[in-house]
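Residues 989 to 1274 (my numbering) are what the sequence shown spells out, left to right.
Following: one structure in structure tokens, then a few remarks.
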Amino acid sequence: MDIIATLQKALNLSDSAKISIHPAGAVNRVYRVQDPVTNPLLSRNGNHRSNNNQKLEDTPVDLAVKWMGDDDFSGVERQHQFALQQQLYGLGVAPQPIWLSDDETIWVERWQSHSESATFSSHRLPLYTLAKALARIHSLPVTARPLNLAARWLHYSDAAQLDISSELYLKAQAFRKKAIKSEEDDDDYVLCHNDLLINHLLISADNTVTIIDWEYAAMGNRYFDLASCCLINKLDNKESDELMQHYAAIMNIDEHKALEKFELHTEIVAITNDLWFAALNATKHV
């Protein structure tokens, strides 16, 4: 697919628009699209269509573009996630979503200029920073669709065509009731990011933090989100405990109870992760 041509038509970009590849994850491709020509249709009100209230901008167009055409397995509802990110942008925690193609394979949001991704090597107190970001997410006054782990596990199992006698399928079945029960705990039922790599935190020059890659965000158990964060950042037990200690202190939660709930959810997250990769690998070979 010619992404530039598609965006030129959809967003009225000029012939001078340029595209460059940006590092991405296991599934989607990410590009940066820059257009030196000012585009009055891309104002900061979250809508690329012109209206009487739009403010003309004097800055060139700078966009992050995700191509998601290889995602045949995740079951993510892009239209819902786009609407969710509009709310999150309004709260100042996420980039401004600009456009989603009708076939939901191209997602466009505003590039976060003058920001750098946090890393464990370059950022001071990275575990505290992660804990603070998770606490911020879990405190947002936003209601999204439920994560619904039982349904998600079934979806991944079907996509992976797991044999019902396989170890992973049987383990998922054994934990199914615990997964369902975890999402019935009203005290811990919050908006979750569910994919919080440390480099999904963009730090600006004034130390403002913007959080990116919200595609798996949903209502769920806070400890699932915490355990997911530890897994995808490859934290060891000591580092995970430190993150939990920071989080419990920030949220004023009993540390020992928090660690107990966290331990349970490390198992639930591990199963979810294994099912996700099984689905990914199966669809790669189709």
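Backbone N, C-alpha and C define an ideal beta-carbon position, used for all residues, glycine too.
{"query": "Three-state secondary structure assigned by DSSP to Pro1083", "result": "coil"}
{"query": "Presumed contact (8 Å Cβ cut-off) between Ser1284 and Leu1189, rounded CB distance", "result": "Only positions 989 to 1274 of the chain appear in the structure, and residue 1284 is not among them; the question remains open."}
{"query": "Where Ser1089 falls: helix, strand or coil (DSSP)", "result": "coil"}
{"query": "Alpha carbon of Leu1156 to alpha carbon of Leu1118, nearest angstrom", "result": "30 Å"}
{"query": "CB-CB length for Arg1357 against Asp1176, believed under 8 Å", "result": "Coverage of the chain is limited to positions 989 through 1274, which leaves residue 1357 absent and any answer about it impossible."}
{"query": "C-beta atoms of Trp1099 and Ala1052 nearer than 7 Å", "result": "yes"}
{"query": "The stretch 1057 to 1075 / the stretch 1199 to 1206 touching (three or more Cβ pairs under 8 Å)", "result": "yes"}
{"query": "For Ile1256, the first and last residue of its enclosing beta strand (DSSP E)", "result": "Looking at the DSSP string, Ile1256 is not in any beta strand (DSSP E); the run it does join, the alpha helix (DSSP H), is Glu1243 to Lys1272."}
{"query": "Rounded separation between Leu999 and His1143 - CA only", "result": "34 Å"}
{"query": "First and last residue of the uninterrupted beta strand (DSSP E) at Arg1017", "result": "Arg1017 to Asp1023"}
{"query": "Where the beta strand (DSSP E) containing Lys1054 begins and where it ends", "result": "Val1049 to Trp1055"}
{"query": "Within 7 Å, strictly: CB atoms of Met1239 and Ala1123", "result": "yes"}
{"query": "Straight-line gap, Val1178 to Phe1212 (C-alpha atoms, nearest Å)", "result": "10 Å"}
{"query": "Own chain residues within Cβ distance below 6 Å of Asn1016, not counting five before or after", "result": "Lys1054 and Met1056"}
{"query": "For Arg1098, three-class secondary structure by DSSP", "result": "strand"}
{"query": "Neighbour-count burial assignment, Asp990, 16 or more Cβ in a 10 Å radius", "result": "exposed"}
{"query": "Where the alpha helix (DSSP H) through Glu1104 begins and ends", "result": "Premise fails: Glu1104 lies in the beta strand (DSSP E), Ser1103 to Ser1105, not in any alpha helix (DSSP H)."}
{"query": "CA-to-CA distance, Ser1103 to Thr1196, given in whole angstroms", "result": "9 Å"}
{"query": "Coil, strand or helix - Leu995 by DSSP", "result": "helix"}
{"query": "C-alpha gap between Tyr1116 and Asp1224, whole angstroms", "result": "15 Å"}
{"query": "Cβ neighbour criterion (16 or more within 10 Å) applied to His1126", "result": "buried"}
{"query": "Opening and closing residue of the alpha helix (DSSP H) in which Ile1168 lies", "result": "Glu1155 to Ser1170"}
{"query": "Candidates Ala1167, Val1025, Ala1236 and Asp1146, of which the one nearest Ile1259 by Cα", "result": "Ala1167"}
{"query": "Test item: CB-CB of Asp1091 and Thr1271 under 7 Å", "result": "no"}
{"query": "Inter-residue Cα distance where the pair is Asp1058 and Glu1230", "result": "37 Å"}
{"query": "Residue burial classification, Arg1037 (beta-carbon count within 10 angstroms, cutoff 16)", "result": "Confidence is the limiting factor: at Arg1037 the pLDDT is only 36, short of 50, which leaves the residue's position unreliable, though a coordinate-based value still follows. Looking at its Cβ environment, which holds fewer than 16 other Cβ atoms inside 10 Å, Arg1037 is exposed."}
{"query": "Counterpart residues of Asn1209 in DSSP-defined beta bridges", "result": "Tyr1177"}
{"query": "Bounding residues of the alpha helix (DSSP H) (the contiguous stretch that carries Thr1117)", "result": "Pro1114 to His1126"}
{"query": "Short Cβ contact (7 Å threshold) for Pro1024 with Pro1048", "result": "yes"}
{"query": "C-alpha distance - Pro1085 paired with Ser1153, whole-angstrom precision", "result": "43 Å"}
{"query": "Nearest-angstrom Cβ-Cβ length linking Leu930 and Tyr1235, presumed shorter than 8 Å", "result": "In the structure displayed, the chain extends from 989 to 1274; residue 930 sits before or after that span and is not available."}
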